[in-house]
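Novice: Sequence lines, in order, name chains A and B. The opening residue of the first sequence carries number 1 in my numbering; numbering runs sequentially from there. The opening residue of the second sequence carries number 213 in my numbering; numbering runs sequentially from there. The beta carbon of each residue, even a glycine, is placed where N, CA and C say it ideally should be.
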Amino acid sequence: MPRYSQLYDAILKGDLKTAVSTTQEALAKGADPENLVAESMVPAMDEVGRRFEANEYFVPELMIAARAMKGALEILRPLLTQKGAKPTGRIVIGTVKGDLHDIGKNLVASMLEGGGFEVIDLGINVSPQQFVEAVKRTNAEMVGLSALLTTTMPSMRTIVQAFKDAGLRDRVKIMIGGAPITQEYANEIGADAFGENARTAVTLARQLMGVC
Amino acid sequence: MNSRERFFAFLEGRQTDHLVLMPITMMFAAEHAGVRYGDYARDHRVLVKAQLNIAEKFGFDYVSCISDPAREAADCGAAIQYFDDQPPAIDEASALLMDKTALARLQVPDPLGGGRMHDRVQAAALFKERAGRDKVIEGWVEGPCAEGADLRGINNLMLDFFDDPAFVRDLFEFVIEMELRFARDQLDAGADLIGVGDAAASLVGPQLYEEFVWPFEKKLVEGLHGMGARVRLHICGNTWPLLEGMGRLGCEIVDLDYPSPMGEGRQKMGPGQALLGNLNPVAILRNGAAEQVTHSVAECHRQAGERFIVGAGCEVPRGTPPGNILALRDYARSHAPRLSP
Chain A
1 MPRYSQLYDA
11 ILKGDLKTAV
21 STTQEALAKG
31 ADPENLVAES
41 MVPAMDEVGR
51 RFEANEYFVP
61 ELMIAARAMK
71 GALEILRPLL
81 TQKGAKPTGR
91 IVIGTVKGDL
101 HDIGKNLVAS
111 MLEGGGFEVI
121 DLGINVSPQQ
131 FVEAVKRTNA
141 EMVGLSALLT
151 TTMPSMRTIV
161 QAFKDAGLRD
171 RVKIMIGGAP
181 ITQEYANEIG
191 ADAFGENART
201 AVTLARQLMG
211 VC
Chain B
213 MNSRERFFAF
223 LEGRQTDHLV
233 LMPITMMFAA
243 EHAGVRYGDY
253 ARDHRVLVKA
263 QLNIAEKFGF
273 DYVSCISDPA
283 REAADCGAAI
293 QYFDDQPPAI
303 DEASALLMDK
313 TALARLQVPD
323 PLGGGRMHDR
333 VQAAALFKER
343 AGRDKVIEGW
353 VEGPCAEGAD
363 LRGINNLMLD
373 FFDDPAFVRD
383 LFEFVIEMEL
393 RFARDQLDAG
403 ADLIGVGDAA
413 ASLVGPQLYE
423 EFVWPFEKKL
433 VEGLHGMGAR
443 VRLHICGNTW
453 PLLEGMGRLG
463 CEIVDLDYPS
473 PMGEGRQKMG
483 PGQALLGNLN
493 PVAILRNGAA
503 EQVTHSVAEC
513 HRQAGERFIV
523 GAGCEVPRGT
533 PPGNILALRD
543 YARSHAPRLS
553 P
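1) Taking 8 Å as the threshold (beta carbon to beta carbon), is phenylalanine 58 (chain A) in contact with chain B?
2) Kindly indicate if chain B contains any beta-carbon less than 8 Å away from that of proline 128 (chain A).
3) Considering only residues of the same chain and omitting the five flanking positions on each side of valine 509 (chain B), which have a CB-CB separation below 7 Å?
4) Is DSSP giving glutamate 224 (chain B) helix, strand or coil here?
5) Compute the beta-carbon to beta-carbon distance between cysteine 448 (chain B) and alanine 411 (chain B), rounded to the nearest angstrom, for a pair I have assumed lies under 8 Å.
6) Within the 8 Å Cβ cut-off, does glutamine 479 (chain B) reach chain A?
7) If the criterion is Cβ atoms closer than 8 Å, does the pair proline 418 (chain B) and glycine 457 (chain B) meet it?
8) Residues of chain B with CB under 8 Å from aspartate 102 (chain A), in chain order?
9) Just reading off the beta strand (DSSP E) that glycine 250 (chain B) is part of, what are its end residues?
10) How big is the Cα-Cα spacing for aspartate 400 (chain B) and alanine 441 (chain B)?
11) Which partner residues does isoleucine 406 (chain B) have in the DSSP bridge list?
12) Any beta carbon from chain B within less than 8 Å of methionine 156 (chain A)'s own beta carbon?
13) Just the Cα atoms here: how many angstroms apart are aspartate 382 (chain B) and glycine 409 (chain B)?
14) Starting from the C-beta of proline 128 (chain A), find all residues in its chain whose C-beta is less than 6 Å away, skip the five residues before and the five after it, and write them out in chain order.
15) Run through chain A and tell me which residues come within less than 7 Å of proline 323 (chain B), C-beta to C-beta.
16) Any contact of the segment 244–253 of chain B with the segment 316–326 of chain B, i.e. 3+ C-beta pairs under 8 Å?
17) Provide the residue span of the alpha helix (DSSP H) that contains arginine 90 (chain A), from first to last.
18) Please name the residues in the segment 289–316 of chain B whose beta-carbon is closer than 9 Å to at least one beta-carbon of chain A, in chain order.
19) Strictly under 8 Å for the Cβ-Cβ distance: is isoleucine 64 (chain A) near chain B by that measure?
20) Contact between the segment 19–39 of chain A and the segment 90–106 of chain A: three or more CB pairs below 8 Å?
21) Would the beta-carbon of glutamate 284 (chain B) fall within 8 Å of that of glutamate 354 (chain B)?
22) I think phenylalanine 379 (chain B) touches leucine 420 (chain B), with their Cβ atoms under 8 Å apart; what is that distance to the nearest whole Å?
23) With 16 as the cutoff for other CB atoms within 10 Å, does glycine 84 (chain A) come out buried or exposed?
24) Is leucine 540 (chain B) close to chain A, meaning its C-beta is less than 8 Å from at least one C-beta of that chain?
25) Are the CB atoms of phenylalanine 52 (chain A) and alanine 201 (chain A) within a distance shorter than 8 Å?
26) Whose Cβ in chain A lies nearer than 7 Å to the Cβ of phenylalanine 373 (chain B)?
27) In chain A, which residues lie with their C-beta within 7 Å of the C-beta of alanine 495 (chain B)?
28) Quick test of your reading: isoleucine 64 (chain A) and leucine 371 (chain B), contact by CB under 8 Å. State the CB separation rounded to the nearest angstrom.
29) Between which residues of its own chain and glutamate 118 (chain A) is the CB-CB distance below 6 Å, once the five residues before and five after are set aside?
30) Given alanine 314 (chain B), which residues of its chain have a CB within under 8 Å of its CB, disregarding the five upstream and five downstream residues?
31) Compute the Euclidean distance between the alpha carbons of threonine 150 (chain A) and leucine 79 (chain A), then round it to the nearest angstrom.
32) Does DSSP classify threonine 532 (chain B) as helix, strand or coil?
33) Along chain B, which residues have their Cβ under 7 Å away from the Cβ of asparagine 55 (chain A)?
34) Tell me, please, which residues DSSP counts as bridged to serine 276 (chain B).
35) So does the segment 235–245 of chain B actually touch the segment 171–191 of chain A, counting three or more Cβ pairs closer than 8 Å?
36) Just to check my reading of the structure: leucine 168 (chain A) and valine 135 (chain A) have Cβ atoms closer than 8 Å, yes? What is that Cβ distance to the nearest angstrom?
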């Protein structure tokens, strides 16, 4: 049973209003923001991911849960920064150049955020240079690339090469995903991991960060 | 039998000389015609020429007006981004119905009004002129969830199911009115069959599907049947949790995407439902060898039984080796349905 069960339940149900109010109430009673994240929010999003993988939750349920989680996190973020709390890892994420599809990328970003990662979301139609610049600027340890089209997935290879050219390839782990992507393709272009769905992406990201 | 005779005999449950072959091709067709996809999607003359070329080259039993899901949204006034060599895409950041109140002011566009819908109607007419005696002509419309997502933004729509159910129903009502008018004009121009693409429906679970999506898909299918159209339903993605509902829609053909096992489709939809598909388009059709294609289509056939049409799970990707499509063709040509006595 999570320590802050009301917050845990609110996230599972996708109840934004209750997630926000219970977070505020817990803080008012002296709760530690890091504990709220670690003991309620992360377990709640892990359970959301489990239900998603088990076909108990689908995209709408996952999205409202993520929205509730983000509502609570918005309140906690300044406090976490103030305390110098460290995220599980920092990841730059985006949909590759020429591709405007973002729902898959958004789901992965939300699940990563719910998993304790700091996510820098560059949005859609992101060029190799933008990925490289974002890693330089934020010191992110990981990069997540999304593509829905077979026509845009070759851009992933270009991005991997751009990190090599910038001398950053050894510093970042690159994870890729999207409907046409396969493990074979990840191997072929030299990516570090292929995430088949949002939950797997979190598991892989934790493995790549050496935290599980 | 020519393609039309084969197709209609199959739908009517009569014996055919061999299996019907109907894979979805768009970028693959443009690639083989040596044209850029941007031109294929924007000019019906390019599309028709490329479809006829590929149907001839690979022995497909049909030609299709399908190109991208943005035609209706474009004519409604949505912001569309066009590319030289890939499908047009909808810019969700400036979705037409970002402000939900705009739905009340939205007018159903005239499918013959000179826009992208009209271009598709012209494709159907040109197919009729060039191949109407031999090939089956497929028109195409978007389903309620897919078109709703195109107009509202898919991220917004997913939240609307919980936040504003009444809006979702109003939006889907608008979509069905628009798609039926669009289908009517494609049928009048020469289409025999209407494909309904409802990609976004695979993102919702069975509960939301039954409550929101299915009733409008049913209304669309009934409206199409009322016009005398045959209907092919294609929902991209994993439809495994929705199969039973999809079977109750009464479509002549359910075209399954590859994540849903064909055998599950047969079990959930019963022996009479014609099932089409469903090879993995990337892993098998594009990246596999011809022998794997043959093995996979045989497995689909085995699971589907006799009410089976040969096709891929989704669009045949650009870069698919021609030999793999010939393997599909050869399988179709070397197998005939065995009708029950």
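Specialist: With the given structure in hand:
1) At a cut-off of 8 Å between C-beta atoms, phenylalanine 58 (chain A) counts as an interface residue with respect to chain B.
2) The beta carbon of proline 128 (chain A) does not come within 8 Å of any beta carbon belonging to chain B, so the residue lies off that interface.
3) Only Leu491, Val522, Leu540, Tyr543 meet the Cβ criterion.
4) Glutamate 224 (chain B): coil per DSSP, three-state reduction.
5) Here cysteine 448 (chain B) really is in contact with alanine 411 (chain B); their C-beta atoms are around 4 Å apart, less than 8 Å.
6) Not one chain A Cβ lies under 8 Å of glutamine 479 (chain B).
7) Result yes, Cβ atoms of proline 418 (chain B) and glycine 457 (chain B) sit closer than 8 Å.
8) Neighbours of aspartate 102 (chain A) on chain B, chain order: Glu304, Asn367.
9) Taken as a continuous stretch (DSSP letters only), glycine 250 (chain B) belongs to no beta strand (DSSP E), being part of the alpha helix (DSSP H) at 249–254.
10) So the alpha carbons of these two residues sit roughly 10 Å apart.
11) Its beta-bridge partners are B:Gly351, B:Val443.
12) Among the CB atoms of chain B, none fall inside 8 Å of the CB of methionine 156 (chain A).
13) Looking at the two C-alpha atoms, the distance is approximately 20 Å.
14) Closer than 6 Å at Cβ, skipping near neighbours: Thr158, Ile159, Ala162.
15) Going along chain A, no residue has its Cβ under 7 Å from proline 323 (chain B), so there is no contact; the nearest lies around 25 Å.
16) Segments in contact, no.
17) Run containing arginine 90 (chain A): none in the alpha helix (DSSP H); it sits in the beta strand (DSSP E), 90–95.
18) For the segment 289–316 of chain B, which is checked against every Cβ of chain A, the residues closer than 9 Å are Gln293, Phe295, Asp297, Gln298, Pro299, Ala301, Ile302, Asp303, Glu304, Ala305.
19) Chain B contact via Cβ: present.
20) Touching, no.
21) Yes, the pair counts as a contact, with Cβ atoms nearer than the cut-off.
22) Actually they do not touch by this definition, with Cβ atoms about 14 Å apart.
23) Burial call: exposed.
24) Any Cβ of chain A closer than 8 Å to the Cβ of leucine 540 (chain B) would place that residue at the interface, and such an atom is absent.
25) No. Outside cutoff.
26) Ordered by position in chain A, the residues that pass the 7 Å Cβ test against phenylalanine 373 (chain B) are Pro60.
27) Those are Thr182, listed as they occur along chain A.
28) The pair is a contact, with the Cβ atoms about 6 Å apart (cut-off 8 Å).
29) So the list reads Pro87, Arg90, once near-sequence residues are dropped.
30) Same-chain partners within the cutoff: Leu308.
31) In a straight line, the C-alpha of threonine 150 (chain A) is about 43 Å away from that of leucine 79 (chain A).
32) Secondary structure of threonine 532 (chain B) (DSSP, three-state): coil.
33) Chain order gives the chain B residues near asparagine 55 (chain A) as Pro453, where near means a beta carbon separation below 7 Å.
34) Among the bridge pairs identified by DSSP, serine 276 (chain B) is matched with B:Glu350.
35) As far as the Cβ criterion goes, the segment 235–245 of chain B does not touch the segment 171–191 of chain A, which means the pair count is below three.
36) Confirmed, Cβ separation roughly 6 Å.
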